[in-house]
Structures are given as structure tokens and as C-alpha cells.
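Chemist: Protein sequences appear in the order of chains Z and L. In this text, residue positions in the first sequence follow numbering that gives the first Met the number 0: the first is 0, and each later residue adds one. In this text, residue positions in the second sequence follow numbering that gives the first Met the number 0: the first is 0, and each later residue adds one. Attaching a single structure in C-alpha cells format; questions to follow.
2 protein chains.
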Amino acid sequence: MAKQHPRPTESELTILQILWSEGPSTVREVNNVLNVQKENEVGYTTTLKHLQIMAEKNLVSRDTSTRTHVYKPNILEEDTQKNLVKGLIEKVFGGSAMDLVMQALGNHNTSPEELDKIKKLIQELENKKS
Amino acid sequence: MAKQHPRPTESELTILQILWSEGPSTVREVNNVLNVQKENEVGYTTTLKHLQIMAEKNLVSRDTSTRTHVYKPNILEEDTQKNLVKGLIEKVFGGSAMDLVMQALGNHNTSPEELDKIKKLIQELENKKS
DNA sequence: AGCCATATACGAATGTTTTCGTAGACAAGT
DNA sequence: ACTTGTCTACGAAAACATTCGTATATGGCT
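Below, the structure is given as C-alpha cells:
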């Protein structure tokens, strides 16, 4: 019992993000968020269709007890991140997690506090090994 | 003069990987590599078509001076990694490079030597700031 | 009851990616 | 010169993803 869900498409990921951050939402709510954060409007029925497809794929589940259905994610944000990172590591970093880390650290601004957090994590990892 | 190349598709990325690691190659060579590393055969003309499209997109260039054309990547592996990492950070990590790093470190085995390398990089970053 | 705003369902147009069949060119061997 | 194997070009089918028009249902207001 491992892989139950297919990989979300790009649009589906965008919608999942909204559900993760906003909590269970109606089509209207999702669509509104989409349209404030994007310059090019996306039609209401487009969003509806996406959510219906996502429900078919089991990526989300919906409460249809009221006229206005409420959708909620069926997969965890963290698991999704994990899968995508894993895919990226395998696909473009030849399986080396470190190469990805170096890349990410080198090319994106990271605050001193964040660097500290990473150092702490490395500490923990090192302790676990010994 | 910045963005000249479109984002490679999944299949195109796979092929680029081969070109990066094997160097300039013929269709036959690329196709062979594809078929040893994958369980499901991919047809020769499929690979040919991919490379032709990639040439149109300017992702690769080809030497047509001999009957058997030789393809080579037009983009750097590192730049491609950079773009993909950037995209992933924005799309699923809310813009936080650190979150991605934590995710990658936490979920994938990293050797002590690799951890050392990362620590060194962090050192450098900290020095730069001060 | 009748109207209006808003909901879902459905199907189809459009766009993109992946796959491969078929045709014609060409080089090498006989 | 002919056959055979391998090459490129081209086009189109198949698969997948995105978008939206239209039909129909429903709840709330007058």
C-alpha cells in the first residue's frame, strides 16, 4: 500500500497549494485566490473542472452534503514536497541530494538564521550516525 | 539576452542528461542509452523526433556534415538545474530555499563527507555576509 | 409562484507532449 | 548495379492537460 495518488499536474499543484494554505474551500474560493494571485484570469468552470478531475484522481475529496461542495486535499503538503524533491534529485542531480542542496544554497539568498537552522539539522544528522 | 530557451519537457530532460554525461551523440547512441536504462523500449524514430524538436527549440544543436547527425546540448547542465530548483522552490516551497534544503537533507541519505562539504559552503556564505 | 444569482455536470475545443509508421536517401558489401 | 541495413524527414495518431461554453438544478428573495 504505497503509491495511491498520481503525480499532480502543474495546475493541480497550484490548486493544492491553495487548499493547503486556506484549508477546505469551495470552488468559488479557490477560483478567487487564483485570480488575485495571477494576472490572467482563469474561468470559474475551469477551476471547477480541475477540482472534479482531482477528485476523480483521489487527490482531493469533497463534501457534497450541501449544494456548494467543499474540497479538501487528500495528500499532505509534506509528502508532495518529498516526492517532488525526490524526483528532481533523481532526474537532474544524478541521485545526489547534496548536489541539490549545494545548488539551492549557492543560488538563493538564505538568511543567517536560516543557515543556523540548517547547521542544527546537520548536527542532528551527524549525531544520529555516530 | 537572458531567456533564450524554453523549459525542457520531461522526455527532453532525460535526453539532455544523456548528452551531458555522454557528450555529443548520435540518435542511435542516445536511443541505446535510453533503452538500457528503461524497462519499456522507446522507438528509434521517437528519439529522433525528440532530438529534432529539441534542435528546433534550440535546446541542442547538431552537426549535419555527415550522414549520421551528431547532437550536442546547447544549454548547461548547471543552468538547467538552477532553473528547475528555482521553479520548485517557488512552486512548492513558497519561495523558501531553506525549506527545500531541509527537506532534501532530512529525507535522503547524505554521507558525513557530504555533510562536511555543505558545512564548508555555509561557512563561506556566512563569511560573505559579515 | 416566479425570478435571479450561483451551483454542478458534461462535453467538446484547444494546446502540448509523446509516440511511431511510412517514405525516401544513402553507404557499404556483394 | 542491386540488395540490405540504417539514416533523416514528415506527418499524423494517441495520450495528456487546459480551458470554457452550455445545459440544468437549486436555494433564496420578492
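Positions of the beta carbon are idealized from the N, C-alpha and C atoms, including for glycine. Fair warning: this is a prediction, and the values are worked out from it, not measured in the lab.
1. Name the chain Z residues that come within less than 8 Å of residue 101 of chain L, Cβ to Cβ?
2. How about the segment 78-98 of chain L and the segment 98-110 of chain Z: do they share at least three Cβ pairs that are nearer than 8 Å?
3. Pull out every residue of the segment 28-43 of chain Z whose Cβ sits closer than 9 Å to any Cβ of chain L, in chain order.
4. Between residue 50 of chain L and chain Z, is any beta-carbon pair separated by less than 8 Å?
5. Grouping DSSP H, G and I as helix and E and B as strand, with all else coil, what is residue 41 of chain Z?
6. Show which residues of chain Z have a CB atom less than 9 Å away from the CB atom of residue 104 of chain L.
7. When Cβ atoms are compared, which residues of the segment 61-91 of chain L fall closer than 9 Å to chain Z?
8. Could you say which of Z:19, Z:125, Z:109 lies nearest to residue 123 of chain L if we only look at CA atoms?
9. Alpha carbon to alpha carbon, how far is residue 116 of chain Z from residue 60 of chain L? Give it in angstroms, no decimals.
10. Closer than 8 Å, CB to CB, is residue 109 of chain Z near chain L or not?
11. For residue 57 of chain Z, is the classification buried or exposed, using 16 other Cβ atoms within 10 angstroms of its Cβ as the cut-off for buried?
12. Would a check of beta-carbon distances place residue 58 of chain L closer than 8 Å to chain Z?
Modeler: Quick answer:
1. Counting from one through the second sequence, the residue named residue 101 of chain L turns up at place 102. Within chain Z, the residues near residue 101 of chain L are 116, 117, 120.
2. yes
3. none
4. As a working mapping, residue 50 of chain L is identified with position 51 in the second sequence. For residue 50 of chain L, no Cβ of chain Z is located within less than 8 Å of the residue's own Cβ.
5. The sequence position of residue 41 of chain Z within the first sequence is 42, counting from 1. Three-state DSSP puts residue 41 of chain Z in coil, outside helix and strand.
6. Within the second sequence, the letter at position 105 stands for residue 104 of chain L. Residues of chain Z passing the Cβ test: 96, 97, 100, 117, 120, 121, 124.
7. 76, 77, 79, 80, 81, 83, 84, 85, 87, 88, 90, 91
8. Counted from its first residue, the second sequence places residue 123 of chain L at position 124. Measuring C-alpha to C-alpha distances from residue 123 of chain L to each of Z:19, Z:125, Z:109 identifies Z:109 as the nearest.
9. Here residue 60 of chain L corresponds to residue number 61 of the second sequence, with the count starting at 1. Here residue 116 of chain Z corresponds to residue number 117 of the first sequence, with the count starting at 1. Between the C-alpha atoms of residue 60 of chain L and residue 116 of chain Z there is a straight-line separation of about 44 Å.
10. Taking the first sequence and counting its residues from 1, the one referred to as residue 109 of chain Z is at position 110. Yes, its Cβ sits closer than 8 Å to a Cβ of chain L.
11. By 1-based counting over the first sequence, the position of residue 57 of chain Z is 58. The residue is exposed, with fewer than 16 neighbouring Cβ atoms inside 10 Å.
12. One-based indexing of the second sequence puts residue 58 of chain L at position 59. Taking Cβ atoms only, chain Z never reaches closer than 8 Å to residue 58 of chain L, which makes this a no.
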